[in-house]
Amino acid sequence: TAPRTPERPGRIASEARRLIEAFRASHPGIELNADIPEADLGVPERVVEAACVVLQEALVNISRHAEARRVEVWLTIEEETILLRVRDDGCGFEPPKQAAGGRLAYGTHCGIRLMDEYAAMAGGRLEVGSARGRGTQVTLFIPVGEPASLLKNPT
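If you use full-length UniProt numbering, the sequence shown corresponds to residues 1 to 155, in order.
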């Protein structure tokens with residue numbers, strides 16, 4: 001699936017909710033629980049784009065390969081880092097190994113390669129954990145620096 005440009009730049013929570021609602025509408029047999037901030041987090045466009053690509057691609061992979069019944073999505077800020085986590089209860093797979101420099105050795109996993117490339121372009125990293133019969137978890141970490149700490153406690 002080709003990545004989509006976010007419709008509202010800088011509005012990561014709104015974009016995540018939009019992608020989640022589209023998934024729910026097109027996959028009513030999969031329960032999706034989401035923990036997304038109510039307010040948008042004013043983060044750089046590169047962060048929004050990377051998060052949207054990772055979320056969209058993770059959801060596409062779940063719909064095509066996971067045979068999942070349940071999906072959980074979290075988006076938050078922890079210690080000046082945007083954290084996006086997508087977890088399913090599907091069939092799982094043999095995940096790619098971490099290669100030199102923290103990047104993933106993704107082999108034939110094209111969706112994982114796409115997510116990893118967007119994470120790297122945004123200055124972040126992607127972690128993929130999975131085991132056959134135990135589901136998959138994709139986690140995106142993107143440091144956003146000082147602005148993120150201000151978003152936690154707005155004045």
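Backbone N, C-alpha and C fix where the C-beta goes; we use that ideal spot for every residue, glycine too.
Hey, quick one: how far does the beta strand (DSSP E) through residue i stretch, first residue to last?
| i | result |
| --- | --- |
| residue 38 | Neither: residue 38 is in no beta strand (DSSP E) and is coded neither H nor E. |
Terminal residues of the continuous alpha helix (DSSP H) containing residue i?
| i | result |
| --- | --- |
| residue 18 | 12-26 |
Please go through the same chain and pick out, in chain order, the residues whose beta-carbon is closer than 6 Å to the beta-carbon of residue i, but skip the five residues on each side of it.
| i | result |
| --- | --- |
| residue 134 | 92 |
| residue 27 | 63 |
| residue 36 | 13, 16, 17, 75 |
| residue 11 | 40 |
| residue 59 | 23 |
| residue 126 | 115, 116, 119, 140 |
| residue 78 | none |
Please determine, among the options, the residue with the shortest C-alpha to C-alpha distance to residue i.
| i | options | result |
| --- | --- | --- |
| residue 145 | 70, 81, 29 | 81 |
| residue 21 | 56, 128, 132, 61 | 56 |
| residue 94 | 42, 43, 132, 88 | 132 |
Would residue i and residue j qualify as a contact pair, given that the criterion is a beta-carbon distance under 8 Å?
| i | j | result |
| --- | --- | --- |
| residue 85 | residue 31 | no |
| residue 139 | residue 130 | no |
| residue 142 | residue 111 | no |
| residue 66 | residue 90 | yes |
| residue 54 | residue 119 | yes |
| residue 52 | residue 19 | yes |
In chain order, what residues of the same chain have a beta carbon less than 8 Å from the beta carbon of residue i, not counting five sequence neighbours either side?
| i | result |
| --- | --- |
| residue 33 | 70, 71, 72, 73 |
| residue 50 | 118, 119, 121, 122, 124, 140, 142 |
Got a sec: is the Cβ-Cβ distance from residue i to anything in chain C below 8 Å?
| i | result |
| --- | --- |
| residue 63 | Among the chains in the structure shown there is no chain C, since it carries only a single protein chain. |
Q: Only counting runs of 4 or more residues, tell me where the alpha helix (DSSP H) segments fall wholly within the UniProt domain "Histidine kinase/HSP90-like ATPase" (46-146), in order along the chain.
A: 110-121
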